[in-house]
Amino acid sequence: MQKLFLSYSFRDQDRSLVSQVERLLASHQLLVVTGQKLGGEMLTPAVMERIESCDCLVSLLTRREQKASGSWTTHDWVRDELNHARGKNMRAIAIVEDGVDVGGAYGEHERIHFNRESLEEAFLALSETVGLWKAEAGRQLKIQILP
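Counting from -1, one number per residue, gives the positions in the sequence shown under my numbering.
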């Protein structure tokens, strides 16, 4: 397992969180791929292609708008990227900010909840999940067969 797609909102208030998650993922010797800098390509096909080129996906479902019920919506695009990966049977985990409504398709999947005031438990759970994925994937060897 070498490449991981990180799905997140590009909002300013999420920038610090995204940077910390990228550092954690890179510490597992993973190439972190995102939906940024697509080289002028059409958004949807280019992002979906990047997701499919990766071994797994981590999705940051952060708060967007508060509903009348008090819960929060998240970013449709981020949810769509998560659902696309799951539809392709990829390893995927959602990191969900407290209060975000995660109902709908794939609502029963494991997820990691986080509170911006206390990220340690969520980061440990994410690190353990990535470690498990890497162990399950095994290691890749390059061999040369000589005559």
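Backbone N, C-alpha and C fix where the C-beta goes; we use that ideal spot for every residue, glycine too.
Note that the structure is predicted; figures quoted are calculated from it, not measured.
Helix, strand or coil at residue i according to DSSP, with G and I counted as helix
i      : result
Arg21  : helix
Leu144 : coil
Arg84  : helix
Val98  : strand
Arg109 : strand
Val16  : helix
Met40  : At Met40, the pLDDT of 47 sits below 50, so the modelled position is not reliable; the number obtained from the coordinates is stated separately. Met40: coil per DSSP, three-state reduction.
First and last residue of the uninterrupted beta strand (DSSP E) at residue i
i     : result
Val94 : 89 to 95
Ser5  : 1 to 5
Ser57 : 54 to 59
Leu28 : Careful: Leu28 lies outside any beta strand (DSSP E) and carries neither H nor E.
Start and end residues, alpha helix (DSSP H) containing residue i
i      : result
Phe8   : From DSSP, Phe8 is part of no alpha helix (DSSP H); its letter is neither H nor E.
Arg62  : Counting along the chain, Arg62 falls outside any alpha helix (DSSP H), and DSSP gives it neither H nor E.
Val128 : 118 to 135
Distance between beta carbons of residue j and residue i, contact taken as under 8 Å
i      : j      : result
Leu55  : Ala83  : 4 Å
Arg48  : Phe3   : 6 Å
Asp53  : Lys86  : Incorrect: roughly 11 Å between the Cβ atoms, too far for contact.
Asp209 : Asn113 : Because the chain here runs from -1 to 145, residue 209 falls outside it and cannot be looked at.
Val128 : His26  : 5 Å
Cα-Cα separation between residue i and residue j, rounded to whole angstroms
i      : j      : result
Thr32  : Gly136 : 24 Å
Glu119 : Asp10  : 23 Å
Arg109 : Pro145 : 50 Å
Val20  : Leu28  : What sits at residue 20 in the sequence shown is Glu, not Val. Roughly 10 Å between the two C-alpha positions.
Val94  : Ile141 : 41 Å
Gly101 : Phe121 : 23 Å
Val76  : Ile143 : 44 Å
Ser125 : Thr71  : 26 Å
Ser67  : Arg61  : 14 Å
Leu58  : Ala44  : 20 Å
Short CB-CB distance (under 8 Å) between residue i and chain D
i     : result
Leu23 : In the structure shown, chain D cannot be found, because there is only a single protein chain.
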